[in-house]
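Residue numbers for the sequence shown follow this note's numbering, so the first one is 1244 and each next one is one higher.
Glycine is no exception: its CB is placed at the ideal position from the N, C-alpha and C atoms.
Here the structure is a predicted model, which is why all the values come from computation and not from measurement.
Have a look at the structure below before the remarks.
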Amino acid sequence: MSSETDGPRRRSNLRPWMLVPAGFALLILAVFGEKLVENSRDGGLTANDLPSTLINRPAPDFALDALRGDQPGFSTADLKVPGVKLVNIWASWCGPCRVEHPQIEALAAEGITVHGINYKDTSRNAERFLAELGDPYSLIGADESGRIGIEWGVYGVPETFVIDGDGNVIYKHIGPVLPEHIDEKIRPAIEAASRG
């Protein structure tokens, strides 16, 4: 009868020096993680503040077909008219877009022009979304392929841009516009755009 102790013992292939890279990676992760937490606590850089190369530059050239056939399309020319406007990039499949929608509607109800870019969506689903939640958009372009989103530097939907009367991007908000963002970020950007 043989027992488990019979025969040569299995040796572990793990060597102490093999743990050094994993330990180093954990140390770096801990340091950077702590800095990110500190920054967010101190009001520092957050996901909504990621930089954009478009700030204080003209909006990208684009021309989109209308989401609905009975409406005009949406293009760069629509941004080069007097007055401040918002461009909201959204999709029916986007949960955070539902969260921000009441704020977008409230801004439109105040008389702020809001244009929409429907991102990687179907017109049927987008129209169902607007029928359910309301349609705050003056114009809506359909970016089914997502190509125009790339031109705008979209990280993910929703994203909202404040555009001045010359068609320049003044501010980019990444993520859903929440009630606190209206007074803290969106209104100051609208005021800055109206002065420019």
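Taking the alpha-carbon positions, what's the residue i to residue j distance?
i: Asp-1409; j: Phe-1305; result: 15 Å
i: Gly-1312; j: Asp-1364; result: 15 Å
i: Cys-1337; j: Ile-1298; result: 25 Å
i: Asn-1291; j: Asn-1361; result: Residue confidence is low: Asn-1291 scores 49 on pLDDT, short of 50, so the model does not pin down where it sits. Its coordinate-derived value is still stated next. One C-alpha to the other measures close to 20 Å.
i: Asp-1321; j: Ser-1366; result: 21 Å
i: Thr-1289; j: Arg-1438; result: The pLDDT assigned to Thr-1289 is 45, lower than 50, so where the model puts this residue is not dependable, and the model offers no usable value.
i: Asp-1386; j: Leu-1307; result: 7 Å
i: Ile-1406; j: Ile-1413; result: 6 Å
i: Gly-1389; j: Glu-1343; result: 21 Å
i: Val-1324; j: Lys-1415; result: 19 Å
i: Gln-1346; j: Ile-1429; result: 11 Å
i: Leu-1310; j: Glu-1370; result: 8 Å
i: Gly-1286; j: His-1424; result: Residue confidence for Gly-1286 is low, a pLDDT of 44 falling below 50, so the modelled location carries little weight; the figure read from the coordinates is stated next. Going from the Cα of Gly-1286 to the Cα of His-1424 covers about 13 Å.
i: Gly-1392; j: Pro-1264; result: 38 Å
i: Gly-1354; j: Ser-1335; result: 24 Å
i: Gly-1384; j: Ser-1318; result: 8 Å
i: Phe-1372; j: Leu-1350; result: 18 Å
i: Ser-1381; j: Asn-1368; result: 19 Å
i: Gly-1396; j: Thr-1296; result: 8 Å
i: Pro-1315; j: Gly-1359; result: 12 Å
i: Glu-1375; j: Glu-1348; result: 13 Å
i: Asp-1426; j: Arg-1258; result: 57 Å
i: Asn-1411; j: Arg-1300; result: 5 Å
i: Glu-1434; j: Glu-1394; result: 25 Å
i: Gly-1377; j: Phe-1404; result: 20 Å
Run through the DSSP bridge pairs and tell me what residue i is partnered with.
i: Trp-1333; result: Asn-1361
i: Asp-1386; result: Tyr-1362
i: Ser-1318; result: Ala-1306
i: Arg-1300; result: Val-1412
i: Ile-1347; result: DSSP, once it has assigned bridges, lists no residue as partnering Ile-1347.
i: Phe-1404; result: Val-1330, Lys-1415
Classify residue i: buried if its beta carbon has 16 or more other beta carbons within 10 angstroms, exposed otherwise.
i: Thr-1356; result: buried
i: Pro-1379; result: buried
i: Asn-1256; result: exposed
i: Ala-1302; result: buried
i: Ala-1432; result: buried
i: Gly-1326; result: exposed
i: Ala-1352; result: exposed
i: Ala-1436; result: buried
i: Ser-1283; result: Per-residue confidence for Ser-1283 stands at a pLDDT of 42, beneath the threshold of 50, marking its modelled position as unreliable; the derived number appears in the next sentence. Exposed.
The stretch 1406-1424 touching the stretch 1321-1335, judged by at least three CB pairs closer than 8 Å: Yes, the stretch 1406-1424 is in contact with the stretch 1321-1335.
With a cut-off of 8 Å, do at least 3 Cβ pairs link the stretch 1336-1351 to the stretch 1391-1402? Result yes; three or more Cβ-Cβ pairs closer than 8 Å.
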